[in-house]
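For reference, the structure is listed below as structure tokens.
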Amino acid sequence: MRTIPFSKVDREIKKHDQAIQKYKADLKQKLQLLVNKGSLKGPDIMYVKELLKVANNIITAKPATLATYEKKFRRIISPETMKTKAKQKFRTLLINTLGYSERRKDFYPHYFKDIGIGACIYCNSMLTVTVEKIIRKKRKTGAQARFQVDHYLPKSEYPCFSISLYNLYPTCASCNNSKGSHKVQFQLYAEDARIKNSGFYFELNMVSVGVYLLYRDSGLIDFEFIEPKIAGKNVKSFNEVFAVEGIYKTQKGIAEELILKAEVYTPAYKKLLAGSFPKIFTSASITDRLIIGNYTSESDLHKRPMAKFMIDIAIQLGLI
Ligand SMILES: [Zn+2]
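In this text, residue positions in the sequence shown follow the numbering used here: the first is 3, and each later residue adds one.
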């Protein structure tokens, strides 16, 4: 629901440069071996050779570059052909050669943790975190990804981009399963200057708030998940693919708490609190965060589940 700026990704890519260089050298070597082996024929070998040509950039290429590569690859093997059963063996061979499974274990957990992803980038309702896990046999701890990786350009259609960092979207298992190869109108990464309001937001039905305050039944609270207008064929909405509105409607209790807090935390009371506890309420933003019990800035959305929902509702209620 919220874009990550290129500058943030670039910083992490630089930080992980040593590992990335190693993976790059490894994949070039494996691709070359595959070419030398001579077992692939026709478009398959052309595809591998094209991959070898761009092997220096394929891991870190930005979306615009990936789009130029996409044109070349689809001319060799179209996405429609690539996803057929007949190509399954070749697809698997490519994904294995590129080292996707290994990177899922040894690189992505650290990388996405450093980028600061703690909640599913589609639904923002589930944790997507990297945890320290005890490995009993080895008597040590290791990092484990408690998230799945969705590919913006699906790996069933474009196995060539299975390890391209700008093509990887960390998601919860439910969203990843629901997405499959559906297209949704959302790009996770963008040029810093182009990041603006995402166009996704939750909107409380204020009449329902009045009715709730009268009868105190949270079931009466109503809201909508509004999305940007869909452009392009075969593109689906978040509500259609991820059932976002449905997920949040099971959590009306959160909206209820915010409605009640808005009754209590008036601007005057917030001022009084800040004056009475100056060491705790050190700034307006920390006051807001303590009151709603979540992050309050859009740029912090990825840090914790439910942040988007709580921010939108709290702003609408004038709570923050
Ligand atoms: Zn999700």
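Yeah, the Cβ is synthetic: ideal placement off N, Cα and C, and Gly gets one too.
Original post:
What did DSSP end up calling GLU159 once you bin it into helix, strand or coil?
Top reply: Position 157 of the sequence shown, counting from 1, holds the residue named residue 159. Reduced to three states, the DSSP call for GLU159 is coil.
**OP:** Pull up the distance between the alpha-carbon of LEU95 and that of LYS115, whole angstroms please.
**Re:** If you number the sequence shown from 1, residue 95 lands on position 93. If you number the sequence shown from 1, residue 115 lands on position 113. Each residue's alpha carbon lies about 29 Å from the other.
Original post:
Going straight from the alpha carbon of ARG306 to that of VAL246, what length do you get?
Top reply: Indexing the sequence shown from 1 puts residue 306 at position 304. Indexing the sequence shown from 1 puts residue 246 at position 244. Distance between the alpha carbons of ARG306 and VAL246 is about 16 Å.
**OP:** Give a yes or no on whether the minimum CB-CB distance between LYS16 and chain D is below 8 Å.
**Re:** Note that chain D does not occur in the displayed structure, where there is just one protein chain.
Subject >> For PRO161, the nearest candidate out of LYS17, ILE60, ASP302 and ILE97 (CA to CA) >> reply: What you label residue 161 is simply residue 159 of the sequence shown in a count that begins at 1. Measuring from the Cα of PRO161, the nearest candidate turns out to be ILE97.
Subject >> Spatially closest choice to MET84 from PRO156, LYS17, ILE60 and CYS125, by CA coordinates >> reply: Counting from 1 along the sequence shown, the entry for residue 84 is found at position 82. Minimum Cα distance to MET84 is reached at PRO156.
**OP:** Run the CB neighbour count on ARG4, radius 10 Å, all protein chains shown included, and call it buried at 16 or more, exposed below.
**Re:** The sequence position of residue 4 within the sequence shown is 2, counting from 1. Classification for ARG4: buried.
Original post:
Between the C-alpha atoms of LEU319 and LYS310, what's the straight-line distance to the nearest angstrom?
Top reply: Counting from 1 along the sequence shown, the entry for residue 319 is found at position 317. Counting from 1 along the sequence shown, the entry for residue 310 is found at position 308. Cα to Cα, the separation comes out at about 14 Å.
Original post:
Does the Cβ of THR252 lie closer than 7 Å to at least one heavy atom of ligand 1?
Top reply: For this step, residue 252 is matched to residue 250 along the sequence shown. The answer is no for THR252.
Subject >> DSSP three-state assignment for LYS43, whether helix, strand or coil >> reply: One-based indexing of the sequence shown puts residue 43 at position 41. Note: LYS43 maps to coil in three-state DSSP.
Original post:
Just the residues with CB closer than 7 Å to a heavy atom of ligand 1, in chain order, which are they?
Top reply: CYS122, TYR124, CYS125, SER127, MET128, THR173, CYS174, SER176, CYS177 and PHE244
Original post:
Closest by CA to PRO230, which one among ASN207, ASN199 and GLY248?
Top reply: Reading the sequence shown from its first residue, position 228 is the one you call residue 230. Ranking the options by Cα distance to PRO230, first place goes to ASN199.
Original post:
From what residue to what residue does the alpha helix (DSSP H) around VAL246 run?
Top reply: Position 244 of the sequence shown, counted from the start, is the residue given in the question as residue 246. Counting along the chain, the alpha helix (DSSP H) containing VAL246 begins and ends at 246-251.
Original post:
To the nearest whole angstrom, what separates the beta carbons of GLU221 and LYS254, a pair I think is in contact under 8 Å?
Top reply: Numbered from 1 along the sequence shown, position 219 holds the residue referred to as residue 221. Numbered from 1 along the sequence shown, position 252 holds the residue referred to as residue 254. According to the sequence shown, residue 221 is Gly rather than Glu. That belief holds up - the Cβ atoms of GLY221 and LYS254 are roughly 7 Å apart, short of 8 Å.
Subject >> LEU170 burial status per 10 Å Cβ neighbour count (16 or more: buried) >> reply: For the purposes of this step, residue 170 is taken as the residue at position 168 of the sequence shown. The residue in question, LEU170, is buried, as its Cβ has 16 or more Cβ neighbours within 10 Å.
Subject >> Burial state of ASN178, where buried means 16 or more other Cβ atoms lie within 10 Å >> reply: Along the sequence shown, read from residue 1 onward, the residue named residue 178 stands at position 176. Buried, since its Cβ has 16 or more Cβ neighbours within 10 Å.
**OP:** Tell whether a beta-carbon distance below 8 Å holds between ILE15 and LEU216.
**Re:** As a first step, residue 15 must be located in the sequence shown, where it is residue number 13. As a first step, residue 216 must be located in the sequence shown, where it is residue number 214. Result no, Cβ atoms of ILE15 and LEU216 do not sit closer than 8 Å.
**OP:** Can you grab the Cα-Cα spacing for the pair SER158 / ILE119, in whole Å?
**Re:** Translated into positions along the sequence shown, residue 158 becomes position 156. Translated into positions along the sequence shown, residue 119 becomes position 117. Going by the C-alpha atoms only, they are around 25 Å apart.
**OP:** Using alpha carbons as the reference points, say which of ILE261, PHE8 and VAL237 lies closest to PHE225.
**Re:** Residue 225 sits at position 223 when you count from the first residue of the sequence shown. With distances taken between Cα atoms, PHE225 lies closest to ILE261.
Original post:
Between the beta-carbon of PHE283 and the beta-carbon of LEU274, is there less than 8 Å?
Top reply: Position 281 of the sequence shown, counting from 1, holds the residue named residue 283. Position 272 of the sequence shown, counting from 1, holds the residue named residue 274. Not in contact: PHE283 and LEU274 (Cβ atoms no closer than 8 Å).
Original post:
Once you ignore the five residues that flank ALA57 on each side, which residues in its own chain have a CB closer than 8 Å to its CB?
Top reply: Your numbering for residue 57 matches position 55 in the sequence shown. The answer, listed in chain order, is LYS26, LEU29, LYS30 and LEU33.
Original post:
If you compare alpha carbons, which of VAL11, LYS107, SER299 and ALA121 is closest to GLU134?
Top reply: Stepping through the sequence shown from its first residue, residue 134 is reached at position 132. Nearest of VAL11, LYS107, SER299 and ALA121 to GLU134, Cα basis: LYS107.
Original post:
Could you give the distance in angstroms between the alpha-carbon of ILE117 and the alpha-carbon of LYS51?
Top reply: On the sequence shown, position 115 is the one that residue 117 refers to. On the sequence shown, position 49 is the one that residue 51 refers to. The C-alpha of LYS51 is placed about 32 Å away from the C-alpha of ILE117.
Original post:
Near LYS87, what residues of its chain come up, given a Cβ to Cβ distance below 8 Å and the 5 sequence neighbours on each side ignored?
Top reply: Here the question's residue 87 lines up with position 85 in the sequence shown. Taken in chain order, the list of residues that qualify is empty.
Original post:
Where ILE60 and GLN20 are concerned, what is the direct C-alpha to C-alpha distance, given to the nearest angstrom?
Top reply: As a first step, residue 60 must be located in the sequence shown, where it is residue number 58. As a first step, residue 20 must be located in the sequence shown, where it is residue number 18. So the alpha carbons of these two residues sit roughly 16 Å apart.
**OP:** Could you give the DSSP three-state label for ILE317: helix, strand or coil?
**Re:** By 1-based counting over the sequence shown, the position of residue 317 is 315. Of the three classes helix, strand and coil, the one that applies to ILE317 here is helix, per DSSP.
Original post:
Does the separation of the CB atoms of LYS194 and PRO65 fall below 8 Å?
Top reply: What you label residue 194 is simply residue 192 of the sequence shown in a count that begins at 1. What you label residue 65 is simply residue 63 of the sequence shown in a count that begins at 1. As written in the sequence, residue 194 is Asp, which differs from the Lys given in the question. Taking 8 Å as the Cβ cut-off, ASP194 and PRO65 do not qualify as a contacting pair.
Original post:
What number of angstroms, rounded off, separates the C-alpha of GLU300 from the C-alpha of ILE22?
Top reply: Reading the sequence shown from its first residue, position 298 is the one you call residue 300. Reading the sequence shown from its first residue, position 20 is the one you call residue 22. For GLU300 and ILE22, the distance between alpha carbons rounds to 30 Å.
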